[in-house]
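Scroll down for the structure; my scribbles are underneath it.
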Amino acid sequence: MESFFEDKEEIADDSFFAIIEYGIHVSELYMESYVSNMSNYSFDTDFEENIQQMIEVQYGEDYELFDLFDDDDTNDDMYIDVILREIFRSVYSHVIPRRSYKKSWIRHPPNVLRICQQLEILRNKPQPEQRTDEWYLVRHNLITASNAWKCFESQSNQNQIIYEKCLPIEDKKFSSSVNTSSPLHWGQKFEPLSTQYYEFIYNTQIEDFGCIVHDTHTFLGASPDGIVVKETCQRYGRMLEIKNIVNREITQIPKKEYWVQMQLQMEVCDLNECDFLETKFVEYDNYSDFFSDGDNFNHTPNLAFKGAYLMFMDGSSPKYFYPEFQISEDVFNVWVNKILHENLHLNFIKTIYWRLEKVSCILVLRNNEWFQNSIGQMKNVWSQVLIDRERGYAHRAPNKRERKNTIDLTDETRDLNNPPKCLIADSSDDEKQPECLIADSSDDEKQPDCLVLDSSDDEADDFNQSSYLITDSSDGELTSGPQINDIVESDPQINDSVCVPVKKENKEKKEKKVKIKKEKKEKKVIEKTTPISMKVDTTSNTSNILDIEILKILENMK
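One point on numbering: in UniProt numbering, the residue at position 271 of the sequence shown is 271, and numbering is uninterrupted.
Put into structure tokens, the structure is as follows:
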């Protein structure tokens, strides 16, 4: 710490050392209390902001922490910035590693002997052939690094992982068909290119180690995208995790699920470093677009990498072949002919032309404190898996969303013992008269409690404004009141008319209204019956029954 302040007389005061010591102390307390939160996306920012606030509250009034400090080497900084940098440097070096860094860098030379021995241990672990029954069985009995994050989320997420691990293996095997347009498949087909990019940039070699089971916690497993195996490389023994994004923004901060995934990978493999590589590839529509973008086979005008690979179909499954990274077009064409000749049993689909539009590679360190704090929760989830396998797991199945044709009303508005009085009559029920019917021209004697109104009925203005009223659909307005108790499916012949509860009025006014209504109905009956001219052939045997029904209708209309 003293070397940091060497020749800096402005802050070489015991008071500032006291502030730094205080900052380191409260940082240790913060980490002890919130280490389980380190998986959260914003943990580093939250931690640093909290420490700064504590220092400002404790010392802000006594010291000029916001005066400028000139170190003669860089731009002016405030004293508080210099102090915070020293606090965090000390905490991240000696207390706990930071969640992630902004770049991939070499912390110290690798321990070649130790890493070499560990890689041999990993190579010697049994590896069942992919997609075999044994391979499915191994993964069925593991919480894998890619879905372990669900153990730390809501009960719904925990139910999901428990349910997945309880399902019979046969239900989880994948079909031979592949959705080549899915984001998952996009990531899979570009992963080899991302690996080639990493090997090219860092002059190294990546090896795949398959699915590895934790030595102690045998319910945990991980399948790293690769590990650096070139002994002369400064990244020897460093793990590699690749994410090929489609639309997501690259922020250089791993999402929670990715950070947890890398922590379990390092823990399972007993390695301490992982490079998190995010790449965004873009495909060209054709060779012309590809070649015109820079008039070069390997680079765009802004020096972004580009290239091509081949797509075949093996039955219903796609199969891809990748040339060496950044080879010339002439060498590529020779390679294409070779691949086509060697794979005549496959169906050649197309050549895919690509460019690497965005890339980010950052370092994530193994966090033993977080793992020791979190392993208990993962154990609890796995214990529940074993219990539910014996006792049943159907209750953890995801709820299926059903499409509803009606609106669910609350218990407060639904009264099953007193069904609503406004019902649409079923034409098949002629014997029992409901309390409220859609009024027709034949009902002149009894005024219903519910009338059908349309936009031409001026009497609607006489109703209480609190009544439930929906105007004719042609008006484009919808006004609902508190008296709805049920929703019924309307007859298409009613033309979207609905029932309106009528407020009871005094006898004189009611009689007047009934009289007016009766006159209107009689007028409508005359208008409807006058133009009707129907000839009934009563001599026809085949239409005799129909004719009788028509006669009844005409009789009722009189």
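The beta carbon of each residue, even a glycine, is placed where N, CA and C say it ideally should be. All figures in this text were calculated on a predicted structure; none of them were measured in a lab.
Pick out whichever of the options has its Cα sitting closest to the Cα of residue i.
| i | options | result |
| --- | --- | --- |
| S39 | S15, P109, A148 and R107 | A148 |
| F297 | P318, Q265 and D330 | D330 |
| M266 | L303, A222 and E249 | A222 |
| D208 | R123, K189 and I327 | R123 |
| N111 | S27, K243, F321 and T232 | T232 |
| N157 | M378, L184 and I516 | M378 |
| I206 | Y79, R235, W335 and V91 | R235 |
| N247 | P183, F305, L240 and Y202 | P183 |
| M239 | R391, H185 and L271 | L271 |
| P128 | E120, H25, V138 and I121 | V138 |
| S93 | Y30, I24 and D81 | I24 |
| Q384 | E164, V91 and V57 | E164 |
| T195 | E324, S288 and C116 | E324 |
| Q326 | K338, K306 and N337 | K306 |
| L310 | L346, T300 and S288 | L346 |
| D285 | F312, K350 and M313 | K350 |
| I106 | V268, R396 and G237 | G237 |
| D289 | V35, R355 and V91 | R355 |
| V268 | I115, I245 and P224 | P224 |
| W186 | I169, D46 and K243 | K243 |
| H214 | R114, I245 and F371 | F371 |
Kindly indicate which three-state DSSP category residue i falls into: helix, strand or coil?
| i | result |
| --- | --- |
| K397 | Per the sequence shown, the amino acid found at residue 397 is Ala instead of Lys. The answer is coil: DSSP assigns A397 none of H, G, I, E or B. |
| T180 | coil |
| N247 | coil |
| D472 | Interpretation of D472 is limited by its pLDDT of 40, a score under 50 that renders its predicted location unreliable; the figure taken from the coordinates is listed afterwards. Three-state DSSP puts D472 in coil, outside helix and strand. |
| H94 | helix |
| F297 | coil |
| D314 | strand |
| F219 | coil |
| I487 | Unreliable positioning characterises I487 in this predicted model, as indicated by a pLDDT of 32, which lies under 50. A coordinate reading is not provided. |
| N373 | helix |
| I121 | helix |
| I327 | coil |
| F209 | coil |
| A18 | helix |
| P482 | Residue placement at P482 is flagged as unreliable, the pLDDT there being 37, under the threshold of 50; the coordinate-derived value follows with that caveat. Reduced to three states, the DSSP call for P482 is coil. |
| I143 | strand |
| I106 | coil |
| V228 | strand |
| D537 | With a pLDDT of only 45 at D537, under the threshold of 50, the placement of this residue in the model should not be trusted; the figure read from the coordinates follows. Coil, per DSSP. |
| C269 | helix |
| T195 | helix |
| E129 | coil |
| L264 | helix |
| I253 | coil |
| G60 | coil |
| E49 | helix |
| E431 | Here the model assigns E431 a pLDDT of 43, short of 50, so the residue's position is not dependable and the matter cannot be decided. |
| L151 | Just to set this straight, residue 151 is Cys in the shown sequence, not Leu. DSSP places C151 in helix when its eight states are reduced to three. |
| G392 | coil |
| S543 | Low per-residue confidence applies at S543: pLDDT is 44, beneath 50, and the placement is therefore not dependable enough to give any value. |
| C233 | coil |
Going by DSSP, what residues sit across from residue i in a beta bridge?
| i | result |
| --- | --- |
| F281 | L356 |
| I362 | F276 |
| A308 | Y353 |
| K319 | F312 |
| N347 | M313 |
| I242 | L277 |
| M31 | Its beta-bridge partners do not exist; DSSP assigns none. |
Rounded C-beta distance between residue i and residue j? I'm assuming under 8 Å.
| i | j | result |
| --- | --- | --- |
| M262 | E241 | 5 Å |
| I352 | A308 | 6 Å |
| L220 | I143 | 6 Å |
| L84 | Q53 | That pair is no contact at about 11 Å. |
| residue 616 | T204 | This structure cannot settle anything about residue 616, because the visible part of the chain is limited to 1 through 558. |
| F88 | E48 | 6 Å |
| V82 | M31 | No, V82 and M31 are not in contact; Cβ-Cβ is about 22 Å, not under 8 Å. |
| V35 | N368 | Actually they are not in contact, since the Cβ atoms of V35 and N368 sit about 10 Å apart, beyond 8 Å. |
| L363 | S90 | Not really, about 19 Å apart at Cβ, beyond 8 Å. |
| C166 | Y393 | 4 Å |
| E273 | L365 | 6 Å |
Do residue i and the ligand FMN come close, with the Cβ less than 8 Å from some heavy atom?
| i | result |
| --- | --- |
| D44 | The ligand FMN is absent from the structure shown, which contains no ligands of any kind. |
Count Cβ pairs between the region 354-365 and the region 273-293 that sit closer than 8 Å; are there 3 or more? yes
If you pair each beta-carbon of the region 34-49 with each one of the region 96-108, do three or more pairs fall below 8 Å? At 8 Å Cβ cutoff, the stretches touch.
Answer yes if the region 253-273 comes into contact with the region 284-295, meaning at least three C-beta pairs across the two stretches below 8 Å, and no otherwise. no
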